[in-house]
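Undergrad: Position in the sequence shown counted from 1, then plus 104, gives you this note's numbering.
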Amino acid sequence: MNYENPKYKKLGESIIGELFPKLLNVKIAWLASDKKKMDSGRLVFADCRKVSEQYDWCCDYDFIITVYEPNAGRFDEEQLKILLEHELMHIGVEDGRLSIVPHDAEEFTEIIRKYGIDWSEPKCK
Ligand SMILES: [Zn+2]
Numbered sequence: 105m106n107y108e109n110p111k112y113k114k115l116g117e118s119i120i121g122e123l124f125p126k127l128l129n130v131k132i133a134w135l136a137s138d139k140k141k142m143d144s145g146r147l148v149f150a151d152c153r154k155v156s157e158q159y160d161w162c163c164d165y166d167f168i169i170t171v172y173e174p175n176a177g178r179f180d181e182e183q184l185k186i187l188l189e190h191e192l193m194h195i196g197v198e199d200g201r202l203s204i205v206p207h208d209a210e211e212f213t214e215i216i217r218k219y220g221i222d223w224s225e226p227k228c229k
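#1: In the DSSP assignment, the beta strand (DSSP E) including ILE221 goes from what residue to what residue?
#2: With contact counted as at least three CB pairs below 8 Å, one residue from each stretch, are the segment 117–125 and the segment 155–162 in contact?
#3: Could you say which of PHE179, PRO206, LEU192 lies nearest to TRP223 if we only look at CA atoms?
#4: Who sits around ligand 1, taking every residue whose Cβ is closer than 6 Å to one of its heavy atoms?
#5: Throw me the rounded Cβ distance for the SER118 and THR170 pair, which I believe falls under 8 Å.
#6: For LEU187, does the three-state DSSP call read helix, strand or coil?
#7: Taking Cβ positions, are GLY196 and ILE186 nearer each other than 8 Å?
#8: Quick one: is GLU191 buried, meaning 16 or more other Cβ sit within 10 Å of its Cβ, or exposed?
#9: Could you work out which residue in TYR172, ASP166, THR213, MET193 is closest to ARG201 when comparing CA atoms only?
#10: Measuring only the C-alpha atoms, how far is PRO110 from PRO226?
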């Protein structure tokens, strides 16, 4: 089940305001999923999908960002922000054309440089 999540929307929009001004006019649906999504044996915390042209007549969004809550539910606020920043980096805007930006490494090197490769690991307190 997927449902709209106002918390992700609020957090996501504040990240857009801070870091991604080019995305201000992009329509993003912020969803939570109760699915425990895996990909090649690894947990998927979230994903970002472009609404395909096939569906743009019935879907008022350009992109759908889904957080898989069984996988990312333990994230603290800071980790959640990094996760959403990661997903927003997947949105490409060039000359008004929208696209999905693939990872430049396993993770975006920008995320690794800013937060470290292990940002999603549980924190020792
Ligand atoms: Zn990604």
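Ideal Cβ placement from N, Cα and C applies to all residues, glycine included.
TA: Concretely, from the data shown:
#1: Looking at the DSSP string, ILE221 is not in any beta strand (DSSP E), and its letter there is neither H nor E.
#2: no
#3: PHE179
#4: HIS190, HIS194, HIS207
#5: SER118 to THR170, Cβ: 19 Å. No contact.
#6: helix
#7: no
#8: buried
#9: ASP166
#10: 25 Å
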